[in-house]
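Here the structure is laid out as structure tokens; the discussion comes afterwards.
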Amino acid sequence: MPEIQPDHFGKQYPNRDNPAEFSYVLAPSSFFALSAGVFAALSSVSAKLAVDQHTESVAQALGLIFPGFDGRLLGLVTRASMVAAIGASNFFMWLLFTKALRYGQSTARVMMLQTVANFATTAACGVYMFGDVLAIRWWMGASLIAVGLALLNTEKSEFVCETTDTNVKKNL
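Add 68 to the 1-based position in the sequence shown for my numbering, that's all there is to it.
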């Protein structure tokens, strides 16, 4: 079996943490997790563009740029490119997510960063691209999910496990 070659992040971040002199630099796991969340959101935006009427306006704009092409053909090409963008976005999302898990110290932290980036990007694209209005219920739900993920990301928690001998505290 061939030997797995380490990449440049292993040399730059041997302990998976930022060096003290570069504390302002984002850790690789955080960068990959945030990027994965952005690509997850772009996948859903591409899916909406593939089936939404906004695609027709994009095809009409392309018809003005390329007047020799049929409008129906441009519409099909635009929709097909959005479907391809769904696949590409999912590919990069999973690629970056697995890299974040590889370099991260905590799966919960990677999940938290990816989810927060996904929600923020989805909200921004919905408001600015599609004119969505985010209700207070959406903000409350997103906040509860973020708080729950932050609670999962806490360092240690104590549980009391009952054994046949006595009650024993274990740090997990």
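Even glycine gets a Cβ: it sits at the ideal position worked out from N, Cα and C.
As the structure is a computational prediction, the values presented were derived from the model and not from experiment.
When rounded, the separation of the alpha-carbon atoms in Phe159 and Ala115 is 14 Å.
Restricting attention to Val201, Gly209, Thr183, Asp200, the CA atom closest to the CA of Ser98 is found in Thr183. Residue state for Gln128 is assigned as helix, using DSSP reduced to three classes. In this structure, Met161 and Ser211 do not form a Cβ contact; the two beta carbons are roughly 23 Å apart against a cut-off of 8 Å. Positions of the alpha helix (DSSP H) runs, each at least 4 residues long and wholly inside the stretch 160–210, are given as 175–198 in order along the chain.
Restricting attention to His122, Gly143, Leu220, the CA atom closest to the CA of Ala176 is found in Leu220. Membership of Pro96 in the alpha helix (DSSP H) is indicated by the continuous run 96–119. Shown here, Thr146 sits in a helix according to DSSP, grouped into three states.
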